[in-house]
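Student: Before I ask anything, here is the structure I am working with.
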């Protein structure tokens, strides 16, 4: 989509706590039907930003528009387009899943309750809907939270660290659900995370926030490709020999010695086939070759030129 | 979204919590206990005695205490008042200790207005906002397309409903239990009300006779009003402190201080502007010597209303503005 419409825009948001600026001049746009990642380490200002986006906290400076509506002035109309989970999926534990959904349906314009069975099906909670939320697992509460957020047929879904505390299966479910909502239903999704891999797998575009400032924003592949391109991880036996062979191709780090081990090397993409041929011709057993992801810290290093982290 | 839906939510949340059922159970159990204890007490002290003889004996005892001269001043005022009240009843041949189901019902409202009913109001009010913070559900509640003012208004409406129900239940249970012990009839009987001290002398000029059912409704109305005002103030503590335990503790301390203060420091007149001092509205109405000069029903209603309005204004101001970061 070349010029998709903007659903949510943040303009130079700033929030101070005492003298400390938790969020400084953060701006971004979330477009129609995209999954937008908000990536940053813990304490970078992600949650504070999200609290401003959903009206829980007031920005000291800056403006938030949802579907063109100013959040500060048109709160009720603007929030009618938003579904959200802030931090943890906290619902009323002494109520059942259905009672919780009914509760939040009553806070929406009429007719939202009709969608409860369909949404329960979508998040795979139909069977347990009449049980108390206190009996739910974290993953189930996360899914109930998403069903709640979808009750009002929102244009944008705001999810704060949706994978936090979930097991791998739970994370996969959430990821698939988010992709489905964006691709099939055309709902824009704003997802925050401190995990690079999660953002990489879920998002179309990403903004990176660090110490309250956005460092970079753009399509995920562009941003991550910058750093990840020359890192290769080879599992081979004997590892020490493999390191010797790979040394001429680039910087090498080895773990393991005579037996099977892992060699990390920085080899330019176009020279990787050549390096592998060299390995096999010397009779070294290669078990796996993978392009290793750079860590979040390395991306920060790369983006900031190594000055801040 | 209709406002009634929001109130329905808040009512549902109060009723679905175990707290509500416990409070109702306490109320029923307590009234049962009071009736039982009272019946046993009356058996021992009034058994077979003519009420005129009993009244005269009691007056003689009080006069002896007064002559003794060791009675504290506040007690002396009570003693003079009580002497006047008993004499007034004797003169008109009305039994001051008459008891019936309806009379017990009225008596219960009188006795519970300054501690029990406000306490139950506090139990509901102090967690109505703070619980949302504690559960984290405040983040959902305030990110729906409903203004914060409407959210808090719906909570206030639900709170008033719960308090009203509690007062009503208290009345109904008191009548059921009291009637079981003393008989259910007697709503039409006249009761004397409006006794007071003028200066240090008993003053019968304001005494009037009222039909019991009218008097009972009035007494319950005053109790209800006092509880509502107490609930409004507890709502403010719930908004400010964001912790149920802290809010409840604060209000409890205030209530207890209110029952102790007039006894320990009756000469400090400014305490009549405290809300706790004005909670026993039914007492000030039906007449008993007020602990501090100048306390009347009208004054009490005005002070309580001022406190409640002030508390609500502050609660709304804080609730609507504050960032939710917890």
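Chains as they are written, first to last, in our numbering: chain A, 954 to 1262; chain B, 8 to 333.
Backbone N, C-alpha and C fix where the C-beta goes; we use that ideal spot for every residue, glycine too.
Are the Cβ atoms of residue 78/B and residue 67/B separated by less than 8 Å?
Tutor: It is not a contact, given that the beta carbons lie outside the stated cut-off.
Student: Evaluate residue 212/B with the Cβ neighbour count: other Cβ atoms within 10 Å of its Cβ, from every protein chain shown; 16 or more gives buried, anything less gives exposed.
Tutor: exposed
Student: Output, in sequence order along the chain, the residues in the region 18-30 of chain B whose CB is closer than 9 Å to any CB in chain A.
Tutor: 19, 20, 23, 24, 25
Student: Kindly indicate which three-state DSSP category residue 195/B falls into: helix, strand or coil?
Tutor: Correct three-state label for residue 195/B: coil.
Student: Between which two residues does the alpha helix (DSSP H) containing residue 9/B stretch?
Tutor: Element bounds for residue 9/B: n/a, residue is neither H nor E.
Student: Would you list the residues sitting across from residue 1019/A in a DSSP beta bridge?
Tutor: Paired residue(s): 961/A, 1022/A.
Student: Between residue 189/B and residue 182/B, what straight-line distance do the alpha-carbon atoms span, to the nearest angstrom?
Tutor: 10 Å
Student: Can you look up residue 98/B in the DSSP assignment and give me helix, strand or coil?
Tutor: helix
Student: Which word fits residue 1146/A, buried or exposed, when buried means at least 16 other C-beta atoms lie within 10 angstroms of its C-beta?
Tutor: buried
Student: Got a sec: is the Cβ-Cβ distance from residue 154/B to anything in chain D below 8 Å?
Tutor: Of the protein chains in this structure, namely A and B, none is chain D.
Student: Going by DSSP, what residues sit across from residue 990/A in a beta bridge?
Tutor: 1144/A, 1159/A
Student: Can you give me the C-alpha to C-alpha distance between residue 326/B and residue 964/A, rounded to a whole angstrom?
Tutor: 26 Å
Student: Counting only C-beta atoms, is residue 102/B closer than 8 Å to chain A at any point?
Tutor: no
Student: In chain A, what lies closer than 8 Å to residue 330/B by C-beta?
Tutor: 1004, 1009, 1010, 1011
Student: Would you call the CB atoms of residue 221/B and residue 1045/A closer than 8 Å?
Tutor: no
Student: Determine the chain A residues that contact residue 305/B at a beta-carbon separation under 7 Å, and present them in chain order.
Tutor: Simply none; closest approach about 41 Å.
Student: Please look up how many angstroms separate the CB atoms of residue 1131/A and residue 1155/A, rounded, as I've assumed it's under 8 Å.
Tutor: 6 Å
Student: For residue 127/B and residue 30/B, which I take to be in contact (beta-carbon distance under 8 Å), what is that distance rounded to the nearest angstrom?
Tutor: Rounded, the Cβ-Cβ distance is 5 Å, consistent with contact.
Student: Tell me whether the region 115-129 of chain B and the region 1220-1228 of chain A touch, counting them as touching only if at least three CB pairs, one residue from each stretch, are closer than 8 Å.
Tutor: No: fewer than three Cβ pairs fall under 8 Å.
Student: Near residue 954/A, which residues of its chain fall below 6 Å by C-beta distance, leaving aside the five closest residues on each side in sequence?
Tutor: Its pLDDT being 41, under 50, residue 954/A is placed unreliably by the model, and nothing is read from it.
Student: Between the region 309-318 of chain B and the region 280-287 of chain B, are three or more C-beta pairs nearer than 8 Å?
Tutor: yes
Student: Pick out whichever of 1167/A, 990/A, 969/A, 977/A has its Cα sitting closest to the Cα of residue 1158/A.
Tutor: 990/A
Student: Which ranges would you report for the beta strand (DSSP E) in the region 54-126 of chain B if only whole runs of at least 3 residues count?
Tutor: With a minimum length of 3 residues, no continuous beta strand (DSSP E) run stays inside the region 54-126 of chain B.
Student: Just list the residues that DSSP pairs residue 1150/A with in beta bridges.
Tutor: The partner list for residue 1150/A (beta bridge, DSSP) is empty, contrary to what the question assumes.
Student: Classify residue 1112/A as helix, strand or coil using the three-state DSSP reduction.
Tutor: strand
Student: Please classify residue 71/B as buried or exposed, where buried requires at least 16 neighbouring CB atoms within 10 angstroms.
Tutor: exposed
Student: Using a cut-off of 8 Å between C-beta atoms, extract the partners of residue 225/B located in chain A.
Tutor: By Cβ distance, chain A contributes nothing, its closest Cβ being about 37 Å from residue 225/B, past 8 Å.
Student: Can you give me the start and stop residues for the alpha helix (DSSP H) that residue 267/B sits inside?
Tutor: Per DSSP, the unbroken alpha helix (DSSP H) holding residue 267/B starts and ends at 251-271.
Student: Using DSSP bridges, identify the partner residues of residue 1244/A.
Tutor: 1185/A
Student: How many angstroms separate the CA atom of residue 102/B from the CA atom of residue 59/B?
Tutor: 8 Å
Student: Tell me residue 1042/A's beta-bridge partners as DSSP assigns them.
Tutor: Note: residue 1042/A sits in no beta bridge, so no partner.
Student: Go ahead and pull the three-state DSSP assignment for residue 202/B.
Tutor: coil
Student: Along the chain, where does the beta strand (DSSP E) containing residue 289/B start, and where does it finish?
Tutor: Element bounds for residue 289/B: not the beta strand (DSSP E) but the alpha helix (DSSP H), 288-293.
Student: Closer than 8 Å, Cβ to Cβ, to anything on chain B: give me those residues from the region 1039-1070 of chain A, in chain order.
Tutor: 1039, 1040, 1041, 1043, 1044, 1045, 1046, 1047, 1048, 1052, 1056, 1057, 1059, 1060, 1061, 1062, 1063
Student: Residue range of the alpha helix (DSSP H) that residue 978/A falls in?
Tutor: Segment 973-984 is the beta strand (DSSP E) holding residue 978/A; no alpha helix (DSSP H) there.
Student: Can you list the residues of chain B that residue 1032/A reaches, using a CB-CB cut of under 7 Å?
Tutor: 150, 151, 152
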